[in-house]
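J.:
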Amino acid sequence: MKKRNTLLICSIISGIAFVIIVFLCYKFLPVVPNQIRIGSSYMTMNNVFYKTLNDEIEKRVDENHDILYTRDPALDIDKQCLQIESFVDKKVDAIIINPIDSNNKKLNTAIKKAKDAGIKIVVVDTQLKDSSNVDSTIVSDNYKAGVLCAEDMKKRINNAEILLLEHSSTMSATDRIKGFTDTIKGNTNYKIIDRVETLGQTEITMPIVSNLISKGEKFNVVMALNDQSAIGALAALKENNINNKIYVYGIDGSPDMKKLLQDKNEVTGTVAQFPVKIGQNAIDVVYDLVKGKKTDKEIIVPVEFIDKEKLTNFDIRGWQ
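For the sequence shown, the UniProt record's numbering begins at 1 and goes up steadily by one.
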């Protein structure tokens, strides 16, 4: 009998506690009618650039008590297509996408499906070649980034044998390399001796560049599509004990690259992108689109060249 009474009392207390918890949640947690849901997919989260960009989006979404679904396809285009389709199934209001391949038919089909479902599409960091289903594209001035690297190189040396590190399936990377090659075009003192695909990844770049060195390929300039691949090339130079001066250029303005510029003389320069601004622009555009406001079809975020002398203008430990 005593045991039964104890169980009854425990049940009553549990019931009261449950009612109190429900009441407190109802009273103090925000109730959001018409909660906005957003999906974001980046080519890889193995790059702090995209984490920084997405943090700005997440911050604003949290402030508004909305929902953000963030996905990492890890450079797998099929995965990214499935992620877009899952966003459609979730009936999100908008998708922020950083496409792995700017001209992939399967990805374009998935994006069209989302657009046909009434979902707003915002592309960040690199364009889609077919932007007919895109509401807004927000990118750095990638062509200018390549130009700035080439102009700095020309100030430093009169002759160069140049190795290009590329990621040709993304328009942002091809624009950067084009800016560089256009700036040296017609000048026979600056020769491109090789172009290699790296996907912009350190762990892919290092063995590729190391293999070129072991085969006897000679170069005194490395022009990399981003800082990650530039750092991969630098690691390959160290591994092969290359002591002659190699001018290494990257693009991003990442904390790792800025630290190398500060502490060592192995890196020549990088071009700062501003992922914080890109993220802020992206979420501003998303909310405007969802509210039915007009937005710019394309937003170009300016870039800045950084070398050792210009480091004082930047936060070494973080992104811009």
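Built from N, CA and C at the ideal position, the CB exists for glycine as well. In this text the structure is predicted, and so the values were computed from the model without any measurement.
1) Where do the N-terminal and C-terminal ends of the alpha helix (DSSP H) with Val92 fall, by residue?
2) Ser136 and Val285 look like a contact to me (Cβ under 8 Å); what is the Cβ gap, rounded to whole Å?
3) Would you kindly report the start and end of the unbroken alpha helix (DSSP H) that includes Tyr287?
4) Looking only at its own chain, which residues have a Cβ that is under 6 Å from the Cβ of Val271, when we skip the five neighbours before and after it?
5) Is Ile121 near Ile95, with beta carbons less than 8 Å apart?
6) Can you look up Met223 in the DSSP assignment and give me helix, strand or coil?
7) Thinking C-beta only, is Glu166 closer than 8 Å to Lys191?
8) Please state whether DSSP places Met165 in a helix, a strand or coil.
9) Taking all protein chains shown into account, decide if Lys106 is buried (16 or more other Cβ within 10 angstroms of its Cβ) or exposed.
10) May I have the straight-line CA-CA distance separating Lys129 from Lys297, to the nearest angstrom?
11) From the DSSP output, which residues share a beta bridge with Ala160?
12) Is the region 213 to 220 touching the region 173 to 187, taking contact as three or more C-beta pairs under 8 Å?
13) For the beta strand (DSSP E) containing Phe49, name the first residue and the last one.
14) Contact defined as beta carbons within less than 8 Å: I believe Tyr247 pairs with Thr268. What is the distance between those atoms, to the nearest angstrom?
15) Assign Asp125 to one of three DSSP states: helix, strand, or coil.
16) With distances taken from CA atoms, which of Val290, Met45, Pro207 is nearest Asp76?
17) Identify which residue in Met43, Thr202, Ser172, Asn158 has its Cα closest to the Cα of Thr188.
18) Can you tell me which of Lys51, Asn265, Asn133 puts its alpha carbon nearest to the alpha carbon of Lys238?
19) Which residue marks the beginning of the alpha helix (DSSP H) containing Asp182, and which one marks its end?
20) Kindly indicate the opening and closing residues of the alpha helix (DSSP H) around Asp263.
21) If I follow the unbroken beta strand (DSSP E) through Ala272, where does it start and stop?
22) Would Asn47 be called buried (16 or more neighbouring beta carbons within 10 Å of its own) or exposed?
23) I'd like the span of the alpha helix (DSSP H) that includes Thr137, first residue to last.
T.: Concretely, from the data shown:
1) Careful: Val92 lies outside any alpha helix (DSSP H) and carries neither H nor E.
2) 5 Å
3) Annotation for Tyr287: the continuous alpha helix (DSSP H) segment containing it runs 275 to 290.
4) Ala145, Leu148, Ile251, Val303, Phe305
5) The answer is yes: Cβ separation under 8 Å.
6) strand
7) no
8) Note on identity: in this sequence residue 165 is Leu, with Met being the wrong assignment. In this structure, Leu165 counts as strand in the three-state DSSP scheme.
9) exposed
10) 14 Å
11) Tyr190
12) no
13) For Phe49, there is no enclosing beta strand (DSSP E); the residue is part of the alpha helix (DSSP H) that begins and ends at 48 to 63.
14) 4 Å
15) coil
16) Met45
17) With distances taken between Cα atoms, Thr188 lies closest to Asn158.
18) Asn265
19) DSSP places Asp182 inside the alpha helix (DSSP H), whose first and last residues are 171 to 184.
20) Run containing Asp263: 255 to 263, per the alpha helix (DSSP H) assignment.
21) 269 to 272 is the span of the beta strand (DSSP E), which, as asked, contains Ala272.
22) When all chains shown are included, Asn47 counts as buried.
23) Looking at the DSSP string, Thr137 is not in any alpha helix (DSSP H); the run it does join, the beta strand (DSSP E), is 136 to 140.
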